[in-house]
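S.K.:
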Amino acid sequence: MKNTIAFLFAFLVTSSIFMQAQTIVSVNPDSGTQCERLTITVTGENTNFWQSTNFVVLKQDGHEIRALNNTVLHPDTIEGEFIFSYDDPTGVYDVIVDHWLWGGVADSGAFYLSPVVNPPFLVQTSPGIAYIGDTVTMEIIGENTHFDDDDISNNIYFKSEIQNGFSPFSTIVINSSRIQCQCYINVYQTPGQYGLQLHNELDGSLFLENTLTLLPDSNPSEIVSVVPDKGYQGAELSIVVTGRNTLFQQGTSTMFLSMFGYAPIQPDNQTVLNDTVIQGDFTFNYSQSMGLYDVVVIENYLSYITKEDGFQLLSGGNAPYLHSIDPQNVNQGTAVKFLIKAVNSHFEPLGNMPAITLINGYEELYCHYISVIDTVTLEANFVFSYANPLGLYDLVVTAPLDGTLRMENSVELHESSSTPAIVLVNPDSAMQGQTLSISVTGRDIVFMQGTSQLYLSQGNMTINPTTQSIVNDTVISGEFNFLTTLPQGYYNVNVDNGYAWPSLVLTDGFDLKLFDFVDEKDIVVFLTFYPNPVKETLYVKRNYNTSGEFMIRVFDVQGRLVLSETLPSGMSTKKLEVITLKKGTYLLHVSQGLSYQTEQFVIQ
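Written out as structure tokens, the structure reads:
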């Protein structure tokens, strides 16, 4: 251990001395020019360059130029690929081979960046005038530029001193000094003078002031009519909007009504009839405010037109409201059918089918079934699980024509008065070899299709039904196939009901009996047998108070005789070799005259 520590200490000291002795001995080439690509090879002494961990950097005061790609040719040689921009300051740079973890080695003033002889600049854009709302093809012309150089990204932006500018949605590079770009000038842009800003890796950032004059739309899009321009709460209405200088398109153009920019009323569906006409089918309800609405049509993702106060929503008369709900008190673990009464409502199964919710804070319960009795009466089925919070719930009914109706603190959920349990298993027994449908009835529980699972268990053994069904809220049924190899005896009856409901267990609720091909009326215990379970040899021993000869027979679970022996008078123990028999459950039948004894054993 001491030798190891000494070695590590010597290694660290040596490494420290080694690192301090690192130097750069050459930089080739040692000069470059703005607006060019250059590969610089740096050679060191006592260095140990590693691929992906070392990289070449040029530094001048606060300005830094990093190599785009670094290749380690040798532990003492690394190569860096640079692009020098017109934005990079000229002059002397330090050359540094840096390491991502523990710094690097530097050579002060080892590289000189010269100014480009013919600097790049922008000459013009064409056209010089554009209109708001237009899609314009702009041509940009530069001088001494590098627009088409490999792996160059030309970022173009038309800038305004007044507000945000815009960028092209597509760009085509013609050659090193010409670019064509497509610009959509949306309605948000402000008229005025715009300058051009173009940036790429070689030319740097180039500017051309006041190169584009943006004018108001000469043929602005507008809404010229809304028909009809009035509607009523609690009614359905088709509204046709006609525009001018528009280009409505199905799937792209949409319409809606807006009051003060909040809570827009969207149509149920809409159809573009042609370039200038769009139709929306609206359903107005009593939750929507009466008054004037702006009519808005979005032509595409960048352009919209508005007709202020273009539509008026009028009162539909007496507003609907909820009057009563029965029952008002319910318990956990129950399914409840509520009778809900409203006033001035318009419920109907087809055109105005409501949705019903019970709300307690953040908890929302949705009904399982709704029946419309008449325009003011509903029946709603709710299931209350043990996960639902106790307390008061608001009743909320929402219908397309009536809007959202709310009755606060209308239903109170109480804790169940008794513990959920299995109260009946029918039938509660079966014989090995039977296929049987078992019905389980619960109390203070609601069985749910797809959630509740019925099964039988004995120790670590589980018997699942081949099929199961929910008969009603409190009865679940399953068809079981009881193989003859299943252990006999009592099984627990289980129903797993998911996270929101307790799992139910009826201990020893089902009895699986041995096959009954042997009559067991006059059973007498003559002999003792062991071991059980058995692998090879079963011993049958005479009890102390018995005498005479006994007939010993072994049957399989199908009732077939598989082994027959006798225990002679005077012999106390008989060995039965069962190694040749298949594994499973067997019946041992011992008889003497009219008396007999039956026992079950298992071969493993």
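Positions 2 to 605 (this note's numbering) are the ones given, in order, by the sequence shown. Yeah, the Cβ is synthetic: ideal placement off N, Cα and C, and Gly gets one too.
Who are the Cβ neighbours of Lys-522 in its own chain at under 6 Å, not counting the five residues just before and after it?
M.R.: Any reading at Lys-522 must be qualified, since the residue scores a pLDDT of 39, below 50, and its modelled position is unreliable; no value is offered.
S.K.: Mind listing, in chain order, the continuous alpha helix (DSSP H) runs of no fewer than 4 residues lying wholly within the region 163-202?
M.R.: Runs of the alpha helix (DSSP H) inside the region 163-202: none found.
S.K.: Exposed or buried, which one is Gly-105 when buried takes at least 16 other CB atoms within 10 Å?
M.R.: The residue is buried, with at least 16 neighbouring Cβ atoms inside 10 Å.
S.K.: Identify, in the order they occur along the chain, each residue of the same chain with its Cβ nearer than 7 Å to the Cβ of Val-26, setting aside the five sequence neighbours on each side.
M.R.: If we look at Val-26 and ignore the five residues flanking it on each side, its Cβ neighbours are Thr-44, Gly-45, Glu-46.
S.K.: Taking its Cβ as the centre, do 16 or more other Cβ atoms sit within 10 Å of Lys-308, making it buried, or is it exposed?
M.R.: Result: buried.
S.K.: Taking the C-alpha atoms as reference points, what is the distance between Asn-275 and Gln-234?
M.R.: Taking the straight line joining both Cα atoms gives about 29 Å.
S.K.: What number of angstroms, rounded off, separates the C-alpha of Val-124 from the C-alpha of Glu-144?
M.R.: Whole-angstrom Cα-Cα distance: 7 Å.
S.K.: Our contact map puts Leu-379 next to Ser-386 with C-beta atoms below 8 Å; I'd like the distance itself, whole angstroms only.
M.R.: About 22 Å separates the two Cβ atoms, so there is no contact after all.
S.K.: If you check the beta carbons only, do Phe-312 and Leu-393 fall under 8 Å apart?
M.R.: Result no, Cβ atoms of Phe-312 and Leu-393 do not sit closer than 8 Å.
S.K.: Out of Asn-498, Thr-574, His-590, which has the shortest C-alpha to C-alpha gap to Val-526?
M.R.: Ranking Asn-498, Thr-574, His-590 by Cα distance to Val-526 puts His-590 first.
S.K.: On a Cα-Cα basis, can you pick out the residue from Asn-49, Trp-101, Tyr-195 that is closest to Pro-76?
M.R.: Comparing Cα positions, the closest option is Asn-49.
S.K.: For Asp-497, collect the residues of the same chain with a Cβ closer than 6 Å to its Cβ; drop the 5 residues on either side in sequence, then sort them by chain order.
M.R.: Cβ neighbours of Asp-497 beyond the five flanking positions: Gln-454, Ser-504.
S.K.: Look at the Cβ atom of Phe-148, then the Cβ atom of Asn-155, and state whether they are nearer than 8 Å.
M.R.: It is a contact, given that the beta carbons lie within the stated cut-off.
S.K.: Cutting at 7 Å between CB atoms, please list the residues of its own chain near Tyr-367, excluding the five before and the five after it.
M.R.: Same-chain partners within the cutoff: Thr-358.
S.K.: Would you kindly check if the distance between the Cβ of Val-298 and the Cβ of Ser-226 is under 8 Å?
M.R.: No, these two residues do not count as a Cβ contact at 8 Å.
S.K.: Given that a residue counts as buried once 16 or more other Cβ atoms are within 10 Å of its Cβ, and exposed if not, what is Thr-247?
M.R.: Answer is buried; the Cβ neighbour count reaches 16.
S.K.: With a threshold of 8 Å, are at least 3 pairs of Cβ atoms found where one atom belongs to the region 410-422 and the other to the region 530-538?
M.R.: Segments in contact, no.
S.K.: Considering just the uninterrupted stretch of the beta strand (DSSP E) at Tyr-294, what are its terminal residues?
M.R.: Where Tyr-294 is concerned, the enclosing beta strand (DSSP E) stretches over 292-301.
S.K.: Within the continuous beta strand (DSSP E) that includes Val-412, where are the two ends?
M.R.: Unbroken beta strand (DSSP E) run through Val-412: 404-415.
S.K.: Within 10 Å of its beta-carbon, does Gly-362 have 16 or more other beta-carbons around it, so buried, or fewer, so exposed?
M.R.: Exposed is the call here.
S.K.: From the DSSP output, which residues share a beta bridge with Gln-601?
M.R.: Answer is Leu-588, bridged to Gln-601.
S.K.: Check whether the Cβ atoms of Gly-479 and Asn-286 lie closer than 8 Å to each other.
M.R.: Not in contact: Gly-479 and Asn-286 (Cβ atoms no closer than 8 Å).
S.K.: Does any residue of chain C bring its CB to less than 8 Å from the CB of Val-447?
M.R.: Absence of chain C from the displayed structure is noted, only one protein chain being present.
S.K.: Throw me the rounded Cβ distance for the Gln-198 and Ser-206 pair, which I believe falls under 8 Å.
M.R.: Right, the Cβ-Cβ distance comes to about 7 Å (below 8 Å), so this counts as a contact.
S.K.: Helix, strand or coil: which one does DSSP assign to Tyr-545?
M.R.: Reduced to three states, the DSSP call for Tyr-545 is coil.
S.K.: State the Cα-Cα distance for the pair Ala-400 and Met-354, rounded to the nearest angstrom.
M.R.: If you take the alpha carbons of Ala-400 and Met-354, they lie about 6 Å apart.
S.K.: Count the CB pairs spanning the region 99-118 and the region 32-42 that are closer than 8 Å, and state whether there are at least three.
M.R.: Flag = yes, the region 99-118 and the region 32-42 touch.
S.K.: For Pro-229, name the three-state secondary structure that DSSP assigns.
M.R.: Residue state, collapsed to three classes: coil.
S.K.: List in chain order: all unbroken beta strand (DSSP E) runs of 3+ residues lying wholly within the region 93-178.
M.R.: The qualifying runs are 106-115, 122-127, 130-132, 136-144, 156-161, 171-176.
S.K.: Given this structure, state the Cα-to-Cα distance separating Ile-180 from Ser-53, to the nearest angstrom.
M.R.: Roughly 37 Å separates the two Cα atoms.
S.K.: Quick one: grab the DSSP three-state call for Asp-520.
M.R.: Reliability of the predicted coordinates at Asp-520 is poor, the pLDDT of 45 falling under 50, and no value is obtained from them.
S.K.: Applying the criterion that 16 or more other CB atoms from any shown protein chain within 10 Å of the CB defines a buried residue, is Val-93 buried or exposed?
M.R.: Classification for Val-93: exposed.
S.K.: Which residues in the same chain as Pro-390 place their Cβ atom closer than 6 Å to its Cβ, once the five residues preceding and following it in sequence are excluded?
M.R.: Counting only Cβ-Cβ distances below 6 Å, and skipping sequence neighbours, we find Asn-361, Glu-364.
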